[in-house]
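The structure under discussion appears below in the form of structure tokens.
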Amino acid sequence: MGFGVVSLLNAVFRRMFTSAGLRPASATVDADDTTIHFWAHPSLLQPSSSSEQQQPPPRPVVVLIHGFGPDPTWQWAAQAGQLSRHFDLVVPTLLFFGASATRAPARSDAFQAAALAALLTGGGHLPGLGADRAVHVVGTSYGGLVAYHLARELHRRGGGARAGKVALCDSDACKGAEDDRELAARAGVAEVTELLAPADTRALRRLMAVCAHRPVKYIPECLLRDMLRKYFGDKREDKIALIKGITTGEGFQLDPLPQEVLIIWGEFDQIFPVEKAHKMKDLGRRRR
């Protein structure tokens, strides 16, 4: 297939990342060849200067964790430019999305978080991060579940980078089986995996209609096929395993994080209704 609209959009979003001062890199973080592709500010990719010359104070570090869908450049392009003016950003690609992969059998959100913690704290993958520097974590949708586990993991490990503030965006850590059944019913599918891991263009149209408050009324079939091939068809079975491997929900002890937490929710979210935000807030308050 030639250079299509999706390839053009991919180039545009990558350009927005580079214009924000971010650079691509990758790191193998464990013995199972778990390799994380990520974008980061250049200051984090090289050791801090040991010169006696006075250096400006380091800027806060923010990790942006994407949800299900296309490459993180698509999901964070609108925010990268503004945020990069004030923060040193790290934008990882989660395992089984894009170039990030592992030989390990684990498919849980907790394992995703452990891999990101290893990226941030071990092996000199981000030599400019330095020791005892606060890392603020932002996650959207599935990425919010990973962000919750990452904040816990960084707190548990101690030493090196430590978790600062946490922002969870449209991310329901209280989700249970009944919520999945209700979501499937709203979307008109038998299981949520049919919605979140579309197998054909009809399913992709359904996902886009549910994900957007005001979805685009017409998208050419050829564009959907290209998106499906590049961003949804690849590693689809692994993505289904990720959905089934979510560890939060029923039976999970949602302990309040020791860090300050901001909950952000879309008023018209059809995947995680806004009522779930209040439930998360109430659960956290009761367990403090």
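If you use numbering that gives the first Met the number 0, the sequence shown corresponds to residues 0 to 287, in order. Virtual Cβ for every residue (Gly too), placed ideally from N, Cα, C.
The three-state secondary structure of residue 184, taken from DSSP, is helix.
Between residue 239 and residue 146, the alpha-carbon positions lie close to 20 Å from each other.
For residue 280, the CB contacts under 7 Å within the same chain, skipping 5 residues up- and downstream, are 262 in chain order. In this model, residue 60 and residue 79 are separated by some 13 Å (Cα to Cα). The Cβ-Cβ distance between residue 220 and residue 200 falls below 9 Å. DSSP lists 139 and 263 as the beta-bridge partner residues of residue 168. Contact annotation: the segment 160-176 does not touch the segment 24-42, with fewer than three C-beta pairs closer than 8 Å. For the pair residue 100 and residue 211, the Cα-to-Cα distance works out to about 29 Å. Straight-line spacing of the CA atoms in residue 125 and residue 214 works out to 38 Å. The shortest CA-to-CA distance from residue 69 to any of 115, 256 and 93 is the one to 93. Taking the Cα positions, residue 256 is about 43 Å away from residue 217. Around the beta-carbon of residue 148, 16 or more other beta-carbon atoms lie within 10 Å, marking it buried. In this structure, 269 is the residue among 161, 269, 135 and 120 with its C-alpha nearest to the C-alpha of residue 208.
The beta carbon of residue 27 is closer than 6 Å to those of 34 in its chain, skipping five residues each way along the sequence. Judged by their CB atoms, residue 241 and residue 74 are not nearer to each other than the 9 Å cut-off.
Beta-carbon to beta-carbon, residue 132 and residue 160 are separated by about 6 Å, close enough to satisfy the 8 Å threshold. For residue 245, there is no enclosing beta strand (DSSP E), since its DSSP letter is neither H nor E. Residue pairing by DSSP places residue 89 opposite 39 and 62 in a beta bridge.
In the three-state DSSP reduction, residue 107 falls in the coil class, being neither helix nor strand.
The alpha-carbon of residue 97 is positioned some 30 Å away from that of residue 57. The C-beta separation of residue 246 from residue 29 comes to about 19 Å, leaving the pair out of contact by the 8 Å criterion.
Residue 18 is bridged by DSSP to nothing; it lacks a bridge partner. About 18 Å separates the Cβ atoms of residue 63 and residue 172, ruling out a contact at the 8 Å cut-off. Membership of residue 210 in the alpha helix (DSSP H) is indicated by the continuous run 200-210. Taking the CA atoms as reference points, residue 175 sits about 44 Å from residue 46.
In terms of Cα proximity to residue 144, the closest of 82, 188 and 244 is 244. Cβ contact annotation for residue 8 (same chain, cutoff 7 Å, sequence separation greater than five): none.
Counting the other CB atoms within 10 Å of its CB gives residue 11 a total below 16, which places it among the exposed residues. Listed as beta-bridge partners of residue 23 by DSSP are 38.
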